[in-house]
Amino acid sequence: MNPAFVLKKVSSAHRHLKGISSNIPNQNISIHTLSLQEAKDSSAVENITTTHDELLQRENFSE
1 MNPAFVLKKV
11 SSAHRHLKGI
21 SSNIPNQNIS
31 IHTLSLQEAK
41 DSSAVENITT
51 THDELLQREN
61 FSE
């Protein structure tokens with residue numbers, strides 16, 4: 001695949017997403033929940049089960 005073509009597409013997608021993300025009222029919630037999901041999955045490997053509800057109830061998403 002042509003690297004210049006890929007970079008052009010990535011740049012275009014980045015601009016598009018940057019414009020859309022400004023419409024999200026609290027962007028930290030979207031970003032922070034990704035790390036919570038990773039932590040939940042990592043804990044599951046160690047046989048520690050946690051629900052999404054339990055994780056989200058304990059989090060403070062204030063900016």
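Be aware that the sequence shown starts at 1, since it is given in UniProt numbering, and climbs by one per residue. Using N, Cα and C, we set each Cβ at its ideal position, and we do this for glycine too.
C-alpha gap between residue i and residue j, whole angstroms
i          : j          : result
residue 40 : residue 28 : 18 Å
residue 21 : residue 8  : 20 Å
residue 58 : residue 32 : 13 Å
residue 4  : residue 35 : 31 Å
residue 1  : residue 11 : 16 Å
residue 54 : residue 6  : 40 Å
Same chain, Cβ closer than 7 Å to residue i, five either side skipped, listed in chain order
i          : result
residue 50 : 40, 43
Reduced DSSP category for residue i - H, G, I as helix; E, B as strand; rest coil
i          : result
residue 23 : coil
residue 50 : coil
Cut-off 6 Å between Cβ atoms - residues of its own chain near residue i, not counting five sequence neighbours on either side
i          : result
residue 52 : none
heavy atom of the ligand FMN below 6 Å from residue i C-beta
i          : result
residue 43 : What this structure holds is no ligand at all, so the ligand FMN is not there to describe.
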